[in-house]
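S.K.: Its first residue numbered 1467, the sequence shown is counted upward by one per residue in the numbering used here.
We put the beta carbon where it would ideally sit given N, CA and C, even for glycine.
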Amino acid sequence: MTTITNKSMLDNIVSTGKKSTREGYGAGLYELGKQNPKVVALCADLIGSLKIQEFIKEFPERFFQVGVAEANMMGIAAGLATAGKIPYTGTFANFSTGRVYDQIRQSIAYSHKNVKVCASHAGLSLGEDGATHQILEDIGLMKMLPGFTVINPCDYNQTKAATIAIAEHYGPVYLRFGRPGWPVFTPENQKFEIGKAVMLNEGTDVSIFATGHLVWNAVEAARELAKQNISCELVNIHTIKPLDEEAVLESVRKTKCVVTAEEHQIHGGLGDSIAQLLARKMPSPIEYVAVNDTFGESGTPMQLLNKYGLGASDIVQAVHNVLKRK
1467 MTTITNKSML
1477 DNIVSTGKKS
1487 TREGYGAGLY
1497 ELGKQNPKVV
1507 ALCADLIGSL
1517 KIQEFIKEFP
1527 ERFFQVGVAE
1537 ANMMGIAAGL
1547 ATAGKIPYTG
1557 TFANFSTGRV
1567 YDQIRQSIAY
1577 SHKNVKVCAS
1587 HAGLSLGEDG
1597 ATHQILEDIG
1607 LMKMLPGFTV
1617 INPCDYNQTK
1627 AATIAIAEHY
1637 GPVYLRFGRP
1647 GWPVFTPENQ
1657 KFEIGKAVML
1667 NEGTDVSIFA
1677 TGHLVWNAVE
1687 AARELAKQNI
1697 SCELVNIHTI
1707 KPLDEEAVLE
1717 SVRKTKCVVT
1727 AEEHQIHGGL
1737 GDSIAQLLAR
1747 KMPSPIEYVA
1757 VNDTFGESGT
1767 PMQLLNKYGL
1777 GASDIVQAVH
1787 NVLKRK
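1) Would you kindly report the start and end of the unbroken beta strand (DSSP E) that includes Val1757?
2) Nearest to Leu1691 by CA position, among Asp1780, Phe1614, Ala1559, is which residue?
3) Which residue wins for smallest C-alpha separation from Gln1694, given the options Leu1743, Val1782, Thr1482?
4) Assuming Cys1723 and Val1788 make a contact with CB atoms under 8 Å, what is their CB distance in whole Å?
5) Pick out the complete alpha helix (DSSP H) segments inside the region 1599-1651, 4 residues or longer, and give them in chain order.
6) So if DSSP puts Cys1509 in a beta bridge, which residue, or which two residues, is it bridged to?
7) May I have the straight-line CA-CA distance separating Lys1793 from Phe1614, to the nearest angstrom?
8) Please work out which residues of its chain come closer than 7 Å, Cβ to Cβ, to Ala1544, disregarding the five sequence neighbours upstream and downstream, and give them in chain order.
9) How long is the line joining the alpha carbons of Ser1562 and Lys1720, rounded to whole angstroms?
10) In the DSSP output, what is Cys1584 paired with across the bridge?
11) With a cut-off of 8 Å on the beta carbons, I'd call Arg1642 and Asn1618 a contact; round off their distance for me.
12) Using the C-alpha atoms, what's the distance from Leu1516 back to Ser1764?
13) Let me make sure I understand the geometry here. Which of Val1650, Tyr1754, Ala1663, Gly1737 has the alpha-carbon closest to that of Thr1487?
14) Have a look at the DSSP bridge pairing and note the partners of Phe1675.
15) Based on DSSP bridge pairs, tell me the residues matched to Lys1485.
16) For Leu1709, which residues from the same chain have a beta carbon less than 8 Å from its beta carbon, with the 5 sequence-adjacent residues on both sides left out?
17) What three-state label does DSSP hand Ile1570 in the structure shown?
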């Protein structure tokens, strides 16, 4: 597990402004294009939404616009991978997974193709587009596919670093990111290590494992809990599969209880992965902060995160709940 340099560790976590994680993907893909000529990009009619204009301008011969034909895009990507390219497919998370699950399973996962399925506009924070686009099942869908790596970075910098890093990993990857401007708080030139959790704050009372946008909400919750003299160990789980089991067990061995936080259904996401690990190796009280078996609706990102129980205050409450069961 990577550890952020100590001070009071929470004091070191400072937002330098807001940028969307999808912008991090676009910036990472452009940098990667300059480094690796095998990288090619595909898009299903959403160039602006995925922020990949710079890559297209610089490398037009390595870009394929497939239009609103996502299933076809996955088949093309599988073919390009067979020919030795490293294809990055891009569309909304709902269309990257639910709409094309058969093609991903049969043409990419089964034959372990080196395809990077890159998915924007995931979760409730997509906002006003509403329930039909706010996929909350995608992590569960993708982590169940044998051999798939599943990554859910927390801010612009980490998404950029992850986009670059997955090109060096052979095999299918699901990279999930989002639409809204979000606090940027991880190091600018970080080294992204697939499968290695990042310790954001050391603590003794409770372990909070968070992923994606909810890492920032967990930071805010840990600050509030510190004022209440509750010591939170806060861990950024950017790679859901393979899970950093050693980091999880090391933390829970110390704190004896867990809260998980994710912008995903309560079924099938990060919380279930950690609960499964603990059930096998270290049974411990656990509380989930996640969407509780419902679809979303139209609204601003913050309205929706708060309504569906994914705000910082909800993480605070979950910590109080699990401490009662410790």
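M.R.: According to the data block:
1) First-last of the beta strand (DSSP E) with Val1757: 1752-1757.
2) Ranking the options by Cα distance to Leu1691, first place goes to Asp1780.
3) The shortest C-alpha separation from Gln1694 is found at Val1782.
4) Between Val1788 and Cys1723 the Cβ distance is about 5 Å, and since that is below 8 Å, they are a contact.
5) For the alpha helix (DSSP H) assignment, the uninterrupted runs of no fewer than 4 residues enclosed by the region 1599-1651 are, from N- to C-terminal side, 1604-1609, 1622-1631.
6) According to DSSP, Cys1509 bridges with Gln1531, Gly1556.
7) No answer is possible for residue 1793: it lies beyond the span of the chain, which begins at 1467 and ends at 1792.
8) Exclusion of the five residues before and after Ala1544 leaves Ser1573, Ile1574, Lys1579, Val1581 as the residues of its chain whose Cβ lies within less than 7 Å of its Cβ.
9) In a straight line, the C-alpha of Ser1562 is about 39 Å away from that of Lys1720.
10) DSSP, once it has assigned bridges, lists Gly1556, Leu1641 as partnering Cys1584.
11) The beta-carbon distance between Arg1642 and Asn1618, rounded to whole angstroms, is 5 Å. This is short enough to meet the 8 Å contact definition.
12) Distance between Ser1764 and Leu1516, taken at the CA atoms: about 21 Å.
13) Nearest C-alpha to Thr1487: Val1650.
14) The partner list for Phe1675 (beta bridge, DSSP) reads Val1701, Thr1726.
15) In the DSSP output, where bridge partners are listed per residue, Lys1485 has Trp1648.
16) Only Gly1661, Ile1703, Ser1739, Ile1740, Leu1743 meet the Cβ criterion.
17) Here Ile1570 sits in helix by DSSP.
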